[in-house]
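Numbering follows the working numbering, in which position 157 of the sequence shown is assigned residue number 157; successive positions increment by one, without gaps.
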Amino acid sequence: MPIHSSPSSWILETRKAAYALGLNPAGLLTHRYWGARLPYVEDYPSPFNPVHWASTDGPHHFVPEEYPGYAGTKYVDPTLKVTFADAVRDVVLEFQDFTVTGSPQPELALRLTDSVYPLQVTLHYRLHEELDLIERWVTLENLSDQPILVERAFSAKWTLPQGDDYSLTHMYGRHIDEFRMKRESLTPGLKIVESRRLIPSHRAAPWFAVDRNASEESGEVWFGTLAWSGNFKITAEVTEFASTRVSIGVNDWDFAWKLMPGEPLVTPSALSGYTQNGFGAASRLFHDYVRDVVIPHGKVPHKVLYNSWEATFFNVDEASQSKLAEIAAQMGVELFVMDDGWFHKRNRDNAGLGDWFPDAVKFPNGLGSLIQKVNDLGMQFGLWVEPEMVNPDSDLYRAHPDWVIHFPTRARTESRNQLILNLARVDVQDFIIATLDTLLSENNIAFIKWDMNRGVSEPGWQDAPGDPRELWVRYVQGLYRVWGTLRERHPNVIWQSCASGGGRPDFGILRFADQVWISDNTEATARLHIQEGYSQFLPANTMEAWVTDWGRDLVPLEFRFHVSMCGTLGVGGNLLQWDQAERKLAADRIRLYKEIREVIQFGDQYRLISAQKNEYSAVQYVSKDKSESVLFVFRTYIRDPFNLPMIYLRGLEAEARYTVEGMEGARSGKAWMEVGLKVPLLNLHSKVLRIQRVRTS
Ligand code: DGJ
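This is the structure in structure tokens:
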């Protein structure tokens, strides 16, 4: 059993890492260790004792408590903040008991209660032993008959080994410029990374990595994420006594939850891991977890799709889509997706959202005849929807103006001419379930792109049964209920999560969606940066990437294909304008992609030379059995003369011999990794090289 427990000590061991906690002599549940797995149980340090420094601090300030409530002389960033019915705002948690269960995964649950008030807090730990990750979440229960107001309930806090010499890596960005990495020294004080927009947003991602001089392939990295598709908060605190701690959870900004008796509040899961092999290994652990545990169809290779958005925008009709479909099919596309513009009165972005039935002018015969055409061409059919939204100019809004998120006395701020339906409301959830269920039942739809194109404003909820500020959480729970129900009813449909590109990429949404549309920026050189950031925590098979006409005058089609082939390949250009040579090249790249896609989608990814830091970059994928690998190399723009960097391959079997396409001879995996190779490229050129293990028999 990877959980070693005694009445006051718990050690959680995964394949290579360990996490230990226990009761200190004062009875406080404290952190003990997070790092490499140690040989013996006795190796793990004892819980930290309170010390005295000065009357200005108080002993508890020093204890790295596992789940500190806001109380007494604890001035560190708390994980829990509540106000009891009598206005007391101080929570004192005492350990009660624990349970360890073994199946399907080992789990530890530690039960704490307040010393005076009937508040119960259970800390849960689930071990994903082989995947080397620990999942944590918290359940709050009110055992009295009076409500308790919860003002913060994070999912986890982690304490790092004593020291204040850490760096934090996190993501920032904006629309069409997502997943930029920032690595900065953590210094005394509090650093916050958060979202306040109802979705994780383009501005940040619910992911962090903390390291001490780590690089891509070596060094210690402690990393984590929150499986949550709403507002999140990451706090990284360095105390004045060189203690570094990181917390993650639902953002407490504008949040409150009226905890009622008999209705537990369960926080979203936080996933975390530790590695001594750098940022690359941290990413690969998360990639495996997402493919093995999170996404619904983790073992099914994704099809090459065509999406008509950038070709036709809102001007969709049966004729225009059919023409595109014919060319797409000739090129080898397997799934044809019609984007925005197909539904009732949707000619621009100012009308139609909410009325999810085909526009009678554009599709007088419904969608059936187009779908049949697409199927006859040998492709599956997919469709775009934006179910959380409504245009004021829609039948739905005219019938239910009270269904949107709003404050009664304030103007309803429109963004892209749309308002957000309040998915916290069960009637709204039921409406969306019924509408999409009909759409999917009546049409042969294999794929849905689920979009969400604005941030929240006036976050009011008039008739909320609890505190209206529960909206931030209940909206996301409502979204999960809707999506979960539809997934159950239509289990074979592949869903894609889009929020104006990469506004909602997280382990929460990926329980329903198999893919993310990671950016509206489809310009290939920019995309290299965006894709690299995304790959920090999400695998290539979840990353939909289209070849479009953006940058067509400058960037060769082959380069654009190679960039998109680093994820799930799609095409999104206006095929009517592609000449024969372009279509031929496209067909050739699609054929190649089909041969190598399993290595890319399911293999181990190695970022050999960073695209965010260099104009010459390389990324490699290695199949799990190490028999095959694919190397992509890109050069954007560099002044000549340019001294080519060596590319050192990774992940190969050291003793086995491999051939690298275009290179002479078979060499050992070790040689390719240690000696390296050079791949000469001109500006704006790229190469994809297949690497194959030589069979010995
Ligand atoms: C935003 C998405 O990111 C685009 O790909 C496209 O689907 C548009 N919405 C359609 O309105």
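All residues carry an ideal CB built from backbone N, CA and C; glycine is no exception.
* Quick one: does phenylalanine 512 have its CB under 9 Å from some CB of chain C? -> The chain inventory of the structure shown lacks chain C, comprising one protein chain alone.
* Asked: Should cysteine 566 be listed as close to the ligand DGJ, given that the test is whether its C-beta is under 8 Å from any heavy atom?
  -> When distances are taken from the beta-carbon of cysteine 566 to the heavy atoms of the ligand DGJ, even the shortest one reaches 8 Å or more.
* Test item: CB-CB of asparagine 614 and proline 301 under 9 Å -> With contacts defined by Cβ atoms closer than 9 Å, asparagine 614 and proline 301 do not form a contacting pair.
* Cβ-heavy atom distance between glycine 72 and the ligand DGJ below 8 Å? -> Checking the Cβ of glycine 72 against the ligand DGJ gives no.
* Inspect the beta-carbon positions of isoleucine 638 and glutamate 178 and report whether they are closer than 9 Å. => If you check the CB distance, isoleucine 638 and glutamate 178 do not come in under 9 Å.
* **Per-residue burial, tryptophan 701 [other beta carbons within 10 Å of its own, 16 or more giving buried]** => Within the shown structure, residues of the chain are numbered from 1 to 697, placing residue 701 beyond reach of any answer.
* Who pairs with leucine 127 in a beta bridge, going by DSSP? -> Note: leucine 127 sits in a beta bridge opposite Ile134.
* To do: With hydrogens ignored, establish whether the beta-carbon of aspartate 520 is closer than 8 Å to any heavy atom of the ligand DGJ.
  => Correct: aspartate 520 has its Cβ closer than 8 Å to the ligand DGJ.
* Pull every residue with its beta-carbon under 6 Å away from any heavy atom of the ligand SAM, and keep them in chain order. => Here the bound small molecules are the ligand DGJ; the ligand SAM is not part of this structure.
* Cutoff 6 Å; reference leucine 367; Cβ partners in own chain excluding five residues on either side -> Beyond the five residues adjoining it in sequence on each side, leucine 367 comes within less than 6 Å, by CB distance, of Pro358 and Asn443 in the same chain, given in chain order.
* Exposure label - alanine 256; buried when at least 16 CB within 10 Å -> Buried is the call here.
* Asked: What first and last residue would you give for the alpha helix (DSSP H) that runs through tryptophan 228?
  -> Segment: none, tryptophan 228 is in no alpha helix (DSSP H) and carries neither H nor E.
* To do: Would you give the residue range spanned by the alpha helix (DSSP H) that asparagine 375 belongs to?
  => Its alpha helix (DSSP H) spans residues 368-376.
* Would you grab the beta carbon distance between glutamate 151 and valine 82 for me? Rounded to a whole angstrom, and I think it's under 8 Å. => About 6 Å separates the CB atoms of glutamate 151 and valine 82; that is less than 8 Å, so the two are in contact.
* Length of the line joining the Cα atoms of arginine 245 and asparagine 683 -> Here the alpha carbons of asparagine 683 and arginine 245 stand approximately 44 Å from one another.
* Can you give the Cα-Cα distance for proline 73 and tryptophan 253, rounded to whole angstroms? -> Looking at the sequence itself, residue 73 is threonine, so the reference to proline does not match. Just so you know, the alpha carbons of threonine 73 and tryptophan 253 end up roughly 23 Å apart.
* **Per-residue DSSP class, three states only, for serine 441** => Three-state result, serine 441: helix.
* Give the secondary structure of glutamine 605 by DSSP, where H, G and I count as helix, E and B as strand, and everything else as coil. => Per DSSP, reduced to three states, the secondary structure at glutamine 605 is strand.
* Distance, Cα to Cα, leucine 689 vs serine 155? -> A direct Cα-to-Cα measurement between leucine 689 and serine 155 gives close to 43 Å.
* To do: Let me know the secondary structure DSSP gives asparagine 541 once reduced to three states.
  => DSSP places asparagine 541 in helix when its eight states are reduced to three.
* Asked: Can you round the beta-carbon distance between leucine 677 and valine 694 to whole angstroms, since I take them to be within the 8 Å contact cut?
  -> Their Cβ separation, rounded to whole angstroms, is 16 Å, which puts leucine 677 and valine 694 out of contact at 8 Å.
* Integer Cβ distance of leucine 585 from valine 622, believed to fall under 8 Å -> With 8 Å as the limit, leucine 585 and valine 622 do not qualify as a contact, their Cβ atoms being about 27 Å apart.
* Is aspartate 451 near aspartate 340, with beta carbons less than 9 Å apart? -> Yes, they are a contact pair.
* To do: Determine, using beta-carbon pairs with one atom in the stretch 75-95 and one in the stretch 35-45, whether at least three such pairs fall under 8 Å.
  => Touching, no.
* To do: Note down the Cα distance separating asparagine 231 from proline 200, rounded to an integer number of angstroms.
  => If you draw a straight line from the Cα of asparagine 231 to the Cα of proline 200, it comes to about 6 Å.
* Using the C-alpha atoms, what's the distance from asparagine 492 back to phenylalanine 512? -> If you take the alpha carbons of phenylalanine 512 and asparagine 492, they lie about 12 Å apart.
* Asked: Buried or exposed: where does valine 675 fall if 16 or more other Cβ atoms within 10 Å of its Cβ makes it buried?
  -> By the neighbour-count rule (16 or more Cβ atoms within 10 Å), valine 675 is not buried but exposed.
* Asked: If you follow the beta strand (DSSP E) that tyrosine 172 is part of, which residue opens it and which one closes it?
  -> Element bounds for tyrosine 172: 167-174.
* Own chain, CB closer than 8 Å to glutamate 488, minus 5 neighbours either side, in chain order -> Closer than 8 Å at Cβ, skipping near neighbours: no residue.
* To do: Please work out which residues of its chain come closer than 6 Å, Cβ to Cβ, to proline 31, disregarding the five sequence neighbours upstream and downstream, and give them in chain order.
  => The identity of residue 31 in the sequence shown is histidine, whereas the question assumes proline. Cβ neighbours of histidine 31 beyond the five flanking positions: Leu21, Pro64, Glu66 and Thr159.
* Just the Cα atoms here: how many angstroms apart are histidine 124 and valine 316? -> Cα-Cα distance, rounded: 50 Å.
* Nearest-angstrom Cα separation, counted from leucine 127 out to phenylalanine 98 -> Their backbone Cα atoms lie some 16 Å apart in a straight line.
* To do: Name the two residues that bound the continuous alpha helix (DSSP H) containing aspartate 395.
  => Following the DSSP letters along the chain, one finds aspartate 395 inside the alpha helix (DSSP H) bounded by residues 395-399.
* Name the DSSP beta bridge partners of histidine 52, please? -> Answer by DSSP bridge pairing: none, since histidine 52 is not bridged.
* From glutamine 418 to asparagine 391, what distance separates their C-alpha atoms? -> Straight-line Cα distance between these residues: approximately 5 Å.
* Could you give the uninterrupted runs of the beta strand (DSSP E) lying entirely in the stretch 481-564, keeping only those of 3 residues or more? -> Within the stretch 481-564, complete beta strand (DSSP E) segments of at least 3 residues are found at 494-497, 515-517 and 543-547, given in chain order.
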